[in-house]
Structures are given as C-alpha cells and as structure tokens.
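First to last, the protein sequences are chains A and B. If you count the first sequence from 1, position 124 lands on 124 in our numbering, and the numbers rise without skipping. If you count the second sequence from 1, position 180 lands on 180 in our numbering, and the numbers rise without skipping. Ideal Cβ placement from N, Cα and C applies to all residues, glycine included. Okay, so here's the structure we're looking at.
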Amino acid sequence: MSEETLRLEYQANFEYRYAAGRHGSRFMTALRDHCQLLGTRCSVCQRVLVPPRPICGICAAPTNEWVEVGPTGTITGYTVVETPFIDPMTGVQRPIPYGFAFIRLTGADTNLYHFLQENRHDRLSVGMKVEAVFKPDGERVGSLSDIIHFRSVEE
Amino acid sequence: MGSRVCIVGVGQTVHSSLREDVDVAEMVLEAINEALADAGLELRDVENAVTACMDFWDGRTIANMWVAEVVGSYRKSEGRTCMDAIGAMLYMWTRISTGSFRIGLVTAHCKESAGRIPDIETAATDPFTQRRLGFDGNVVSGLVARYLLDNGRYTREAAAEVVVEARRRGSKNPKLEPLQQVTVDEVLSAPVIADPLRALDRAPNRDGAVALVVVSEDVAVGLGRTPVTVKGVGAITGPYWSDAEPGSTAALEKVYRVAMDMAGWDDHPADLVELSAQFSYQHLLFAPVLGKDPLDPTLNTSGGWLAGNPFVVSGAARIAECVHQLRGTAGDRQLGKADRAVAHGIHGLAAQTHSVVLLEGGLS
C-alpha cells in the first residue's frame, strides 16, 4: 500500500453585499458629507456608543439620541503591525510597518479601530491625543476609509 | 427545580425578498421588540438567549456577534446554534426545563440576499470527493426528486399543487411578502433548475428574522399572558454524504415518535402541523409522516417555507404560527379548534436533519 498522502488545494471566492442599515448609513453619510463622526447615547447609562447602534449591550436598553463626537480622541491601545497583510477590500498589501489603534473619540465612551499616521513605537503611547485625517472633499465615499488615519495632536 | 416550558411572546419581521434598509442587528431587533411587547417584557428582563444563524450566509464568522447586543446577551448566557431554529428552541427548552433559567429569548435570522447561495451551499460539501463537482442544494434535491419520481413516490402534478396552495395560504399571512399566485400549469412549465425540479418548486429567497420569548411556568403565570406549553422536542440527523438514502423519512419518523412519547400524545393527531419543506416534493414526503394529507387545511396555515421564509428561520416561523393558532391570534388564518400543534424544521442539503417541537395551548 502506498504511503503517499495527498492534499487538495481549494480557493473559494465568496461575494457578499452587506447592508449598513439605518444606524450605519447615518454614520457613514455624515462622515462622507460633513466629515462628522456620530454616536448614539444609551437611554439608561448615557454612554455614547461609536459606531452608533440601536441597543446598548451592557444595559440591554435602547439608545435614544444622536451625538457628534471627535474628530479628536485619545489612544486607548495601539500596536505597530509588521506582518504583511493583504487588505481584502483592496487586494493590495498594506505597507508595513503601520500603526494601528483603539481610539476613544472625544465625547464617546467606546473605542473605534483605525490606523495611525505614526508607525514608530517610541513615538506612541496610550493616552496620546490624536485627530482624524479625512480624505478631501469629492473623494469620500461613505466608508470608514474616508478617514485616512489618525495623527497626533501637538499639545 | 425543573419547570414546564412556555412560549409567551412571538415576533417576526416581514419575510422579504430584500431588506437592505436594515443591517442584521436592526432586522433581528424588529422581531425581538415585537416578541417582547407580546410577552409584556423588556429586553433587560431576558436572562439568556439562544440564537440561530449561519456564518457563511451572514458572511461573517461567529455571526451571532452581530446580534449579541440586540438579544441582550452581554454578560449573560448566550447559546449559539447553526441549524434550523427549532434546534435553538430545543436548546432553550433544556435551559428552562432544567431550571437553569426562567426567561429566555430565541432568535433566528438570515439574509439570503447577502451572499451567492450556490457558492455557500457547495461549501457544505466534502472537499475531497464532492466539492470539485460544484453542486448545490438544487442539484441534491434534483437527485432525490428524480429518485422519488422514478419510484412512483410522487407526481410532479401533486408537487405543483403544493406550490399553488402554499402561495394561496401565504397570501393570508401578513408576515410574508406577497407572492405571485400561480397555477399548476405555471409551476409545471417554469424553468428547470435541476430535473425534475422547476424554479417554482423551490421556496423563494427571503430576508427576515423571528424571535420567541420562552419562560418557565411561574413566569408565564405571573405575566398573565396566554401561554403555549412545549410538550415534546427532538432533533435528529439521518445518514448523509455517501450513506444518504434518497427519499428516506426514517429520521423524521423516529424523532417525531420520540417527541410524541415525551408529550404523551400516543397517536393523537395534532390539530395543526407546520412542516418545513424548501422544495415541493419534500412537503409530499414529510406530510404523511406528521399525520396529514399534503393539502389538509390544518397543515401549514402560515403557507409554510414554500410561501417564503429565510433559511434557518423557517422552523421559528413554524413555531410562531403554531403559537398564534393555539392562542387564537391567527387572524384570517385561525382554525376552529387547535389544542395541539407540531412545528417542524429541516437542515442540510438533502434535508437530512429534522427537528420537531410539540406544543399545547394553555398551561397543559
């Protein structure tokens, strides 16, 4: 009996169309049209949730108010990525190293994931003030990529 | 302490061909808000949730993360299932009947419009001996239907009548997007999808969600709502892959018998049966096992899956209809007498998985 073992390579292509929904669409259109960042406020704990959503998971209660947040914020966690990563949205490898962060936007009580302009560890710290850098008018399409990245704010 | 298990709230979105106005969480929340209002409860009252959804269909792994907030499961217990929603109901039954929880929320959702269904269905197949052949649910069902047809187990005309009747009954169900009414001839002459199946033999694709509020007996009494009691539950998977038996109903027969024994029903036929058939021939195959003639007016008063429900959601829509009939809230579809009802779900490309819930009106 042959000792040879085989393997099969399989490449799948799954296409999806995701609806942003009412909350996601309002968030993305405000970003596209006005460089505005929006959250929703919980009717119980009053936290402002970004991205906006209909229910505060911690209170299991509805949100009932739209609130503008940012565009400044504070880094609550960061890393510098050195692993080559093919961006599935573009098919292009993102240049490494790049800064990636968890950002608490001013006026928000939750965090938003995004890129950092800075990619050197020694220039980054938790608690650092940053601000969103938006794509210019006419280039924003209503996606999180309408924010190019966050850059440090000199204090 | 164990408890009887009662359903005190049902909610559904309209089952629509396209819900691009809402994301998954917003869609499920519509059903949850309706179910909680029906039960007289708030989301914060929910102690635990069991969700039913499919990663490949949602286009996201751990797809229940999409609904964790709206089902109120942060810092609470959420059970996650990936099969027809009657499996989620069974799981919730274990949680309430054992006394582990008193108030639970079962949700099921699917947006069949989100992905490319043949790609998703073929990804369920064995990568070595099946995947390269690139077949989907239509092909598998075509094989089964042809086997049954050549063995004289059904006729295309009888199957076409099922489609006509499902659409007719579904037109009275306000939770279904209206479907074009069709004739037997139109079903028989629709485009072939996989011989002998025609396009109208398969349920139309839908987006939607169903939510059920499930509680212990003491909670049901306290709420003062008319409950429906879960008397029997079961889920079973028959042989599939190369052991598949085309047209076998052995798995369904067994699980229905187990659930009837649990309910103490003997052979008393249910006043209402809501069965799941994604293809018309499946309706002809399963109806007699569940004790009904295929066109019986007490079978699928909702219209059934063939009148348009999403994948995975069908079983929950079957339960919702049973609850309405047993409570007397089925509107234009209300049967004169309904004390006992059976809801049925299927899963798998060849419908090899069957699940049932046996229900009685009141605190029986």
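Those runs of the alpha helix (DSSP H) which lie wholly inside the segment 262-306 of chain B and span at least 4 residues: 280-286
Bounding residues of the alpha helix (DSSP H) (the contiguous stretch that carries A132 (chain A)): Per DSSP, A132 (chain A) belongs to no alpha helix (DSSP H); it is in the beta strand (DSSP E), K129 to F134.
Alpha helix (DSSP H) runs contained entirely in the segment 83-169 of chain B, provided each spans 4 or more residues: 86-97, 117-122 and 137-150
8 Å Cβ cutoff, V233 (chain B) in contact with chain A: no
Per-residue contacts from P127 (chain B) into chain A (C-beta, under 8 Å): L8 and Y10
Cβ neighbour criterion (16 or more within 10 Å) applied to C110 (chain B): Buried.
Chain A contact residues for D136 (chain B), given Cβ-Cβ distances below 9 Å: Here the premise fails: no neighbours, minimum Cβ distance about 14 Å.
From B:V162, B:S355 and B:A220, residue whose alpha carbon lies closest to that of G232 (chain B): B:S355
Under 9 Å by beta carbon: chain A residues contacting R44 (chain B): Chain A residues near R44 (chain B): V44, C59, A60 and A61.
G345 (chain B) and A85 (chain B) closer than 8 Å at C-beta: yes
Residue environment, C45 (chain A), which counts as buried when at least 16 other CB atoms sit within 10 Å: Result: exposed.
The segment 46-55 of chain B / the segment 89-105 of chain B touching (three or more Cβ pairs under 8 Å): The segment 46-55 of chain B is in contact with the segment 89-105 of chain B.
Interface residues of chain B facing I20 (chain A) [CB-CB closer than 8 Å]: The sequence shown places Ala at residue 20 (chain A), not Ile. Within chain B, the residues near A20 (chain A) are D23.
Minimum Cβ-Cβ distance from P52 (chain A) to chain B less than 8 Å: no
Positions along the segment 80-112 of chain A whose CB lies within less than 7 Å of some CB in chain B: none
Under the three-state DSSP convention, the category R26 (chain A) falls into: Note: R26 (chain A) maps to helix in three-state DSSP.
Coarse secondary structure for A20 (chain A), derived from DSSP in three states: DSSP places A20 (chain A) in coil when its eight states are reduced to three.
Per DSSP, cross-strand counterpart(s) of I346 (chain B): B:H354
Rounded straight-line distance, which links the Cα of C322 (chain B) to that of V215 (chain B): Whole-angstrom Cα-Cα distance: 17 Å.
Nonlocal neighbours in the same chain, by C-beta distance under 6 Å from A203 (chain B), ignoring five residues either side: Closer than 6 Å at the Cβ level, and outside the excluded window around A203 (chain B), lie Q278, W305 and L306.
Reduced DSSP category for G315 (chain B) - H, G, I as helix; E, B as strand; rest coil: helix
Helix, strand or coil at D87 (chain A) [DSSP, three-state]: coil
Proximity test, Cβ basis, 8 Å: G72 (chain B) and chain A: G72 (chain B) belongs to the set of residues whose beta carbon lies under 8 Å from a beta carbon in chain A.
8 Å contact criterion, which P97 (chain A) and V80 (chain A) should meet: CB distance rounded: 5 Å
Inter-stretch contact at 8 Å, needing at least 3 Cβ pairs: the segment 29-47 of chain A / the segment 20-37 of chain B: No contact exists between the segment 29-47 of chain A and the segment 20-37 of chain B.
Where E177 (chain B) sits in the DSSP three-state scheme: coil
CA-to-CA distance, C56 (chain A) to S143 (chain A), given in whole angstroms: 23 Å
For L48 (chain B), the three-state DSSP class (helix, strand or coil): It should be pointed out that residue 48 (chain B) corresponds to Asn in this sequence rather than to Leu. In the structure shown, N48 (chain B) sits in a strand (DSSP, three-state: E or B).
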